[in-house]
Amino acid sequence: MSRWTLISGLLLVSGAAQAAPEQVPLYREIKDWVVACDNLRGCQALSARDSFEYTPLVLHLQRDAGAQAPVRLYVRDVEQRGFSPLLLDGKPLANAKALQRVEQSDETLLVAEGVDAQALLAELRNGQQLRMPAEREYDAVVSLSGLSAALLLMDAVQGRMDTRGALYRPGTRPDSEVPPAPSAPQLPAYPGTTPLQEAESQAIAQAVMAQTRDAWSEEDMGGEPEAEAFALNDREALVIIRTWCAAYNCDFAVYRVDRQPPYAEHDLQLDALPLGHEGLSGWVSYASDTGELGYLYKGRGIADCGETGAWRFDGERFQLASFSYMGRCAGGNPGEWPELWRVAGP
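Quick note on the working numbering: the sequence shown kicks off at 3 and runs consecutively.
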């Protein structure tokens, strides 16, 4: 071995030991799993096979950042057929008692937390398939391909690698060495403003739609465009124009303008979304009582993938308040899409 090869190897080992933490927010698809970590380094991993291999059984785990944060694991039977004994590669789960039945308003879950969840994960990560047999219908299956890499990524994001509480490969480092969770952004309260009168709202909306038509008009509009105007303050208005609609998503143009003619346009001053997402498509709305501008974009009609986000107006700009994203169409609904941005308070 040459001297340069030896030095290079030592540098690589040293770099791996002192690697910079993963950037967040983070979203990654690893084989049959999705890992998502938000701006506070709270992470979750979801079993998410391709939608053409549908299964009603879902395995989901969550863990916040910080030394004392426990892991929470739950198993969902989407079709609510009633849980039968779970099998790991054809054999009963050794840690099946770690799962406790929890009744919710609309479904029943199997839940494990803390050390019970970690013991169960230690068993699952060495398997290939978690199966719930069915007597009359098809079996429900969770593929465990990618679970180990998902656990390792969660540990890396939260600084848990080689600690006693690590999910993938517990080591000897004390959990006290795990970095604390970052502080959540605190958004200013919405200052509020007097809503537009109907006549002023319609005048602004129609004028801005006429002025901007060349920027968004298409040959086949799929129907007449529609516009709404809302007061941002005593000088400016927000105008949302629905320009075109397909089966389950619409296109929108959003403008910030003067409330007086000639309705000069201003920069929207909208915080950027994480991971290069653009937003403001699918369905866009503004809540004038809370100052929140939001959107919901469906990846397909049944809404088992897509993205949703919201901004709060602080009197000057729109600050990002929430963002969730699910890139893989694998069952579920918008309320289950992984959260990638959180703020403090309501």
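Backbone N, C-alpha and C define an ideal beta-carbon position, used for all residues, glycine too.
Under the criterion of beta carbons closer than 8 Å, Phe325 and Gly311 qualify as touching, at roughly 4 Å.
The distance from the Cβ of Ala191 to that of Ala217 is about 33 Å, inconsistent with a contact at the 8 Å cut-off. Boundaries of the alpha helix (DSSP H) around Glu200: Glu200 to Trp218. Under the three-state reduction of DSSP output, Glu81 falls in the coil class, being neither helix nor strand.
Apart from the 5 residues on each side of it in sequence, Tyr299 sits with its Cβ closer than 8 Å to the Cβ of Asn251, Gly281, Ser283, Gly284, Trp285, Gly308, Glu309 and Thr310 in its chain, given in chain order. DSSP places Glu179 in the helix class (H, G or I) of the three-state scheme. The continuous beta strand (DSSP E) containing Leu111 extends over residues Thr110 to Glu115. Secondary structure remark: continuous beta strand (DSSP E) runs of at least 3 residues inside the segment 99 to 173, in chain order: 102 to 105, 110 to 115, 131 to 134 and 142 to 145. In the structure shown, the three-state DSSP call for Glu338 is helix.
Within 10 angstroms of the beta-carbon of Ile304 lie fewer than 16 other beta-carbons, which makes it exposed. Annotation: Gln271 to Ala151 spans about 39 Å, alpha carbon to alpha carbon.
Taken atom to atom, the span from the alpha-carbon of Ala289 to that of Leu275 is near 19 Å. For Ala255, the enclosing beta strand (DSSP E) starts and ends at Cys252 to Asp260. When DSSP states are grouped into helix, strand and coil, Gly301 belongs to the coil group. Judged by DSSP in its simplified three-state form, Gly311 adopts strand. Between Leu95 and Glu125 the beta-carbon gap is near 7 Å, inside 8 Å, which marks them as a contact. Put simply, of His62, Ala248 and Ser185 the residue whose alpha carbon is nearest the alpha carbon of Arg302 is Ala248. Taking 9 Å as the cut-off, the Cβ atoms of Asp91 and Gly148 do not count as close.
Taking Lys33 as the centre and dropping the five residues before and after it, the same chain places the C-beta of Ser147 and Gly148 closer than 6 Å to its C-beta, in chain order. Proximity of the segment 223 to 242 to the segment 195 to 204 meets the contact definition, three or more beta-carbon pairs being nearer than 8 Å.
In the DSSP annotation of this structure, the continuous segment of the beta strand (DSSP E) that includes Glu230 starts and ends at Glu228 to Ala233. Residue pairing from DSSP places His268 in a beta bridge opposite Arg258.
Separation of the CB atoms of Tyr29 and Leu277 is rounded to 6 Å, and the pair is thereby assigned contact status at 8 Å. Assignment of Pro184 by DSSP, reduced to helix, strand and coil, places it in the coil class. Cys331 is not bridged by DSSP to any residue. Here the alpha carbon of Ala47 sits roughly 38 Å from the alpha carbon of Gly194. DSSP lists Cys252 as the beta-bridge partner residues of Gly284. Secondary structure at Leu61: strand, using DSSP grouped into helix, strand and coil.
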